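Protein chains in written order, with the working numbering: chain A, 166 to 569; chain B, 7 to 175.
What follows is one structure encoded as C-alpha cells, with my remarks underneath.
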C-alpha cells in the first residue's frame with residue numbers, strides 16, 4: 166500500500182518541494198559548512214552560475230562567489246543566529262554570450278536538532294524582472310540627462326542673450342561715442358589741411374586716445390565672453406612689469422595730456438620680473454591706469470609706483486580723483502557696477518573693467534585692492550608674483566585655463 | 007606567497023562613468039553607449055605585489071535612486087572606495103558628501119579617493135579643481151581627474167587605492 170502525502174516524512178516532503186521549486190523558479194541552493202566552504206550544492210547550481218570548471222564541493226564560498234568577499238562577518242553572524250539572514254540582490258552575472266543574468270543570493274541558518282548545521286545559500290535567477298527594471302531605470306536616467314542638457318542649454322542661451330544685449334548697448338552708446346569724437350576731430354584736421362593751416366597736435370592726440378578707448382572696450386568684451394564661457398586662457402611667463410607699465414603709459418598719455426593731468430612714474434631702476442601673462446597684464450594695466458586718468462579731474466595727478474616686496478611685485482596707482490565710499494569700494498569688482506556719481510557724470514564706462522581686472526589678476530595668483538575715501542582720491546594696489554618666487558608653475562609655455 | 011582578496015566599492019550618481027572606469031581598469035576597453043547599472047556588478051583584477059597576489063574585488067554599484075534602497079548594506083566589509091562625480095554635471099559633486107557620509111557610517115576610516123571623471127570632455131567641463139578640492143577636503147581624501155575614455159589616471163586611481171590598502175593592512 167502506497168503512502169499518502171500526509172504519511173510523507175517532513176524532510177522528504179521538503180526536499181520534493183524544493184526540487185519542484187527549482188524546476189519552476191530557476192533557483193539553486195547549496196549547503197555551506199560552518200567554515201564557509203561549499204559542502205553540497207543542488208545539481209543545477211553550476212548551471213545557474215554558468216561555471217563548471219572545477220567541482221564546487223569543498224571550495225571556499227568566497228573563491229566561487231566573489232560577492233561574499235568582505236561579508237564573512239555577516240555570514241558568521243547568521244551562523245551564530247545573531248542575524249536572521251544575509252542577502253545580495255541583483256548581482257550582475259555576465260554570461261558567455263555577453264548578456265547579463267541578475268541573481269539574488271540569500272543565506273539563512275540551517276538548524277539540525279537545535280544545533281547549527283551550517284548555512285543554506287539560495288540563489289534565485291531574477292533576470293526577467295530585473296531586465297524590465299533596467300529598462301525603466303535606463304529610460305528615467307536618460308530623461309534626466311536630457312533635462313540636464315536642456316538646463317545647460319537654457320543657461321547658455323541666457324548668457325548669450327545677455328552678451329548680445331551688452332554688445333548692442335555698447336555698440337549703440339559706448340562704442341559710438343569715441344567714433345563720433347574721432348570723426349569730429351578728423352573733420353577738423355581735414356578742413357585745417359584744406360585751408361593750409363598747421364595740423365593740430367591735440368586733435369591727433371584725441372583721435373589716438375579715443376582709438377585706444379575703443380580698443381580697450383572691445384578687448385573687455387572679448388574677455389568677458391571668455392570668462393563667462395570658462396575659457397579664459399592664461400599663458401604665464403617671466404616678464405618685466407616696468408616695461409609693461411611704460412608701454413601702457415604711452416597709450417594713455419594723450420588722454421592724460423588732454424585733461425591736463427600730471428602722469429608720474431616711479432619705477433625701480435632694474436627690471437621688475439613678474440611671472441604672468443604679459444598680454445593679460447597689459448589689459449589689466451590698460452583698465453586700471455585709464456580708469457585713474459578718466460576719473461581724475463583737470464590738473465589732477467596720477468602717480469604709478471612699483472616696488473618689489475618679498476615674493477611679490479607691488480604696483481600702486483594713486484589719483485587725486487573724487488574718491489569713493491567704503492560701500493562703493495566693496496562693490497567695485499562686481500560686473501556692471503558703476504558708482505552713482507560715475508553714472509551721473511559724462512564719463513563713459515560699462516562697469517566691466519574692474520571685474521575683468523580682478524578675474525585676470527586672480528587667475529594669475531595675484532591680488533588687487535582699492536583704498537579710497539570721498540574727496541581724498543583713490544589708491545589701487547596690484548600684487549603679482551615675482552618671477553623667481555612663483556614656484557613650480559614657472560615652466561615655459563605652461564598654460565592655465567581658468568574656469569568658473 | 008600570500009593571496010589577499012580585498013573588496014573595493016565604486017560609488018557615485020548615475021551616469022558618472024563608474025561602470026566605464028571599471029571596464030577600462032579590468033578589460034582595458036571603453037564603450038560610449040550608456041547602460042544603467044541596476045544592482046551590483048562584481049569583477050576582479052589581480053595584482054602582483056612583493057608579498058604575493060592582491061585580488062581587488064571591485065563592486066560597481068548602481069547610482070542614485072537604486073543605490074539608496076539596496077546598496078547601503080553592500081558597503082559592509084568594503085576595504086576601500088572610489089567616489090566618482092562627472093566633471094560636466096555639477097550636481098553630481100553634491101552627491102560626494104552623501105556617499106562619503108554613508109561610507110563613513112558603514113565602513114569607517116577606510117581609504118577613499120575622489121574621482122572627477124570625464125576629464126576628456128574639456129569644453130563641457132563645469133567643475134574646477136577648486137570645487138573638487140573643497141568637496142573632498144572634509145573627508146581628508148584626495149582627488150584625481152580621470153577619463154574612462156582615454157584611460158587618464160584610471161590605473162593610477164586603483165593603484166593608489168591598492169597602496170593605501172597595504173598601508174592599512
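Note that the Cβ used here is the ideal one computed from N, Cα and C, for glycine as well.
Computed from a predicted structure; not experimentally measured.
request  = Verify the contact flag: residue 506 of chain A, CB atom, against every heavy atom of the ligand SAM, threshold strictly below 8 Å.
outcome  = The ligand SAM is not part of this structure, which contains no ligands at all.
ask   = Taking the C-alpha atoms as reference points, what is the distance between residue 158 of chain B and residue 230 of chain A?
value = Along the second chain, one-based indexing puts residue 158 of chain B at 152. Along the first chain, one-based indexing puts residue 230 of chain A at 65. Cα to Cα, the separation comes out at about 31 Å.
Members of the segment 30 to 41 of chain B that neighbour chain A once the beta carbon cut-off is set at 8 Å = 40, 41
key: Inter-residue Cα distance where the pair is residue 8 of chain B and residue 55 of chain B   = Position 2 of the second chain, counted from the first residue, corresponds to residue 8 of chain B. Position 49 of the second chain, counted from the first residue, corresponds to residue 55 of chain B. Straight-line Cα distance between these residues: approximately 9 Å.
query = Mind checking if residue 286 of chain A is an interface residue toward chain B, Cβ cutoff 9 Å exclusive?
reply = Sequence index remark: in the first chain, residue 286 of chain A carries index 121 (1-based). No, because no Cβ of chain B sits closer than 9 Å to the Cβ of residue 286 of chain A.
message = For a quick check, are the C-beta atoms of residue 60 of chain B and residue 172 of chain B less than 9 Å apart?
response = Indexing the second chain from 1 puts residue 60 of chain B at position 54. Indexing the second chain from 1 puts residue 172 of chain B at position 166. Taking 9 Å as the Cβ cut-off, residue 60 of chain B and residue 172 of chain B qualify as a contacting pair.
ask   = In terms of residues, what are the limits of the beta strand (DSSP E) holding residue 31 of chain B?
value = What you label residue 31 of chain B is simply residue 25 of the second chain in a count that begins at 1. From DSSP, residue 31 of chain B is part of no beta strand (DSSP E) but of the alpha helix (DSSP H) over 24 to 32.
query = Quick one: what does DSSP say residue 502 of chain A is sitting in, helix, strand or coil?
reply = Numbered from 1 along the first chain, position 337 holds the residue referred to as residue 502 of chain A. DSSP places residue 502 of chain A in coil when its eight states are reduced to three.
key: Contacting residues, own chain, Cβ-Cβ under 8 Å from residue 210 of chain A (five flanking each side not counted)   = Along the first chain, one-based indexing puts residue 210 of chain A at 45. If we look at residue 210 of chain A and ignore the five residues flanking it on each side, its Cβ neighbours are 193, 194, 195, 221, 288.
ask   = Does any residue of chain B bring its CB to less than 9 Å from the CB of residue 309 of chain A?
value = Translated into the one-based positions of the first chain, residue 309 of chain A becomes position 144. For residue 309 of chain A, the answer is yes, since a Cβ of chain B falls inside 9 Å of its Cβ.
Residue 64 of chain B, DSSP secondary structure in three states = Position 58 of the second chain, counting from 1, holds the residue named residue 64 of chain B. DSSP places residue 64 of chain B in strand when its eight states are reduced to three.
message = So within the segment 270 to 300 of chain A, which uninterrupted beta strand (DSSP E) runs reach at least 3 residues, ignoring any that extend past its ends?
response = 280 to 290
message = Taking only three categories from DSSP, how would you classify residue 443 of chain A?
response = Residue numbering aside, residue 443 of chain A sits at position 278 when the first chain is read from its first letter. Three-state DSSP puts residue 443 of chain A in a helix.
ask   = Hey, quick one: how far does the alpha helix (DSSP H) through residue 385 of chain A stretch, first residue to last?
value = Indexing the first chain from 1 puts residue 385 of chain A at position 220. 366 to 394 is the span of the alpha helix (DSSP H), which, as asked, contains residue 385 of chain A.
task = Less than 8 Å between the CB atoms is what I'm expecting for residue 160 of chain B and residue 98 of chain B, so what's the real figure, rounded?
result = On the second chain, position 154 is the one that residue 160 of chain B refers to. On the second chain, position 92 is the one that residue 98 of chain B refers to. Not a contact, Cβ separation roughly 18 Å.
task = Kindly list, in the order they appear in chain B, the residues whose Cβ is closer than 8 Å to that of residue 295 of chain A.
result = Along the first chain, read from residue 1 onward, the residue named residue 295 of chain A stands at position 130. Neighbours of residue 295 of chain A on chain B, chain order: 44, 45.
ask   = By a C-beta neighbour count over all protein chains shown, 10 Å radius and 16 as the cutoff for buried, is residue 233 of chain A buried or exposed?
value = In the first chain, the residue the question calls residue 233 of chain A occupies position 68. Buried is the call here.
query = Going by beta carbon distance, what residues of the same chain come within less than 6 Å of residue 142 of chain B, once the five residues before and after it are set aside?
reply = If you number the second chain from 1, residue 142 of chain B lands on position 136. Within the same chain, residue 142 of chain B has close Cβ partners 120, 149.
query = What did DSSP end up calling residue 553 of chain A once you bin it into helix, strand or coil?
reply = Along the first chain, read from residue 1 onward, the residue named residue 553 of chain A stands at position 388. The answer is coil: DSSP assigns residue 553 of chain A none of H, G, I, E or B.
Three-state secondary structure assigned by DSSP to residue 18 of chain B = The sequence position of residue 18 of chain B within the second chain is 12, counting from 1. Looking at residue 18 of chain B - three-state DSSP - the assignment turns out to be strand.
task = Determine whether the Cβ of residue 568 of chain A lies closer than 9 Å to any Cβ atom of chain B.
result = For the purposes of this step, residue 568 of chain A is identified with residue 403 of the first chain, where counting begins at 1. Because the pLDDT at residue 568 of chain A is just 40, under 50, the model does not fix this residue reliably, and the value given afterwards should be weighed accordingly. At least one chain B Cβ lies under 9 Å of residue 568 of chain A.
inquiry  = Per the DSSP calculation, residue 484 of chain A is bridged to which residue(s)?
reply    = Translated into positions along the first chain, residue 484 of chain A becomes position 319. Per DSSP, A:467, A:543.
request  = Let me know the secondary structure DSSP gives residue 234 of chain A once reduced to three states.
outcome  = Mapped onto the first chain, residue 234 of chain A falls at position 69. In this structure, residue 234 of chain A counts as coil in the three-state DSSP scheme.
task = Output yes if chain B places a C-beta closer than 9 Å to the C-beta of residue 546 of chain A; else output no.
result = Translated into the one-based positions of the first chain, residue 546 of chain A becomes position 381. It does not: the Cβ of residue 546 of chain A has no partner Cβ on chain B nearer than 9 Å.
inquiry  = Let me check understanding here. Comparing Cα to Cα, which of A:250, A:440, A:530, A:280 lies closest to residue 269 of chain A?
reply    = Position 104 of the first chain holds residue 269 of chain A. Measuring from the Cα of residue 269 of chain A, the nearest candidate turns out to be A:250.
message = What does the alpha-carbon distance come out to for the pair residue 440 of chain A and residue 80 of chain B?
response = Taking the first residue of the first chain as position 1, residue 440 of chain A is located at position 275. Taking the first residue of the second chain as position 1, residue 80 of chain B is located at position 74. So the two alpha carbons sit approximately 51 Å from each other.
query = Can a CB atom of chain B be found closer than 9 Å to the CB of residue 237 of chain A?
reply = Translated into the one-based positions of the first chain, residue 237 of chain A becomes position 72. Yes, residue 237 of chain A counts as interfacial toward chain B.
query = What are the residues of the segment 267 to 281 of chain A that lie near chain B, defined by any Cβ-Cβ distance shorter than 8 Å?
reply = 267
request  = Note down, in chain order, every chain A residue with its Cβ under 7 Å from the Cβ of residue 11 of chain B.
outcome  = Here residue 11 of chain B refers to the residue found at position 5 of the second chain. Result: 227, 234.
ask   = For the 8 Å Cβ check, are there 3 or more pairs between the segment 479 to 487 of chain A and the segment 456 to 463 of chain A?
value = yes
request  = If I'm right that residue 26 of chain B touches residue 303 of chain A with Cβ under 8 Å, what's the distance once you round it to whole angstroms?
outcome  = Sequence index remark: in the second chain, residue 26 of chain B carries index 20 (1-based). Sequence index remark: in the first chain, residue 303 of chain A carries index 138 (1-based). That belief does not hold up - the Cβ atoms of residue 26 of chain B and residue 303 of chain A are roughly 15 Å apart, past 8 Å.
ask   = Looking only at its own chain, which residues have a Cβ that is under 7 Å from the Cβ of residue 567 of chain A, when we skip the five neighbours before and after it?
value = Counting from 1 along the first chain, the entry for residue 567 of chain A is found at position 402. Confidence at residue 567 of chain A is low in this model, with a pLDDT of 41, below 50, so the placement of that residue should be treated as unreliable; the coordinate-derived value is given next. Answer for residue 567 of chain A: 397, 399, 528, listed in chain order.
inquiry  = For residue 340 of chain A, which residues in the same chain have their Cβ closer than 7 Å to its Cβ, ignoring the five residues on either side in sequence?
reply    = Position 175 of the first chain, counted from the start, is the residue given in the question as residue 340 of chain A. Hits under 7 Å: 379, 382.
query = On the three-state DSSP scale, how would you describe residue 566 of chain A?
reply = As a first step, residue 566 of chain A must be located in the first chain, where it is residue number 401. Note that residue 566 of chain A scores 44 on pLDDT, short of 50, meaning its location in the model is unreliable; the coordinates nonetheless yield the value given after this. Strand.
request  = Indicate the three-state DSSP secondary structure (helix, strand or coil) for residue 427 of chain A in the structure shown.
outcome  = Against the first chain, residue 427 of chain A aligns to sequence position 262. In this structure, residue 427 of chain A counts as strand in the three-state DSSP scheme.
key: Between the CA atoms of residue 184 of chain A and residue 13 of chain B - distance to the nearest angstrom   = The residue you call residue 13 of chain B lines up with position 7 of the second chain. The residue you call residue 184 of chain A lines up with position 19 of the first chain. Computed Cα separation, rounded: 34 Å.
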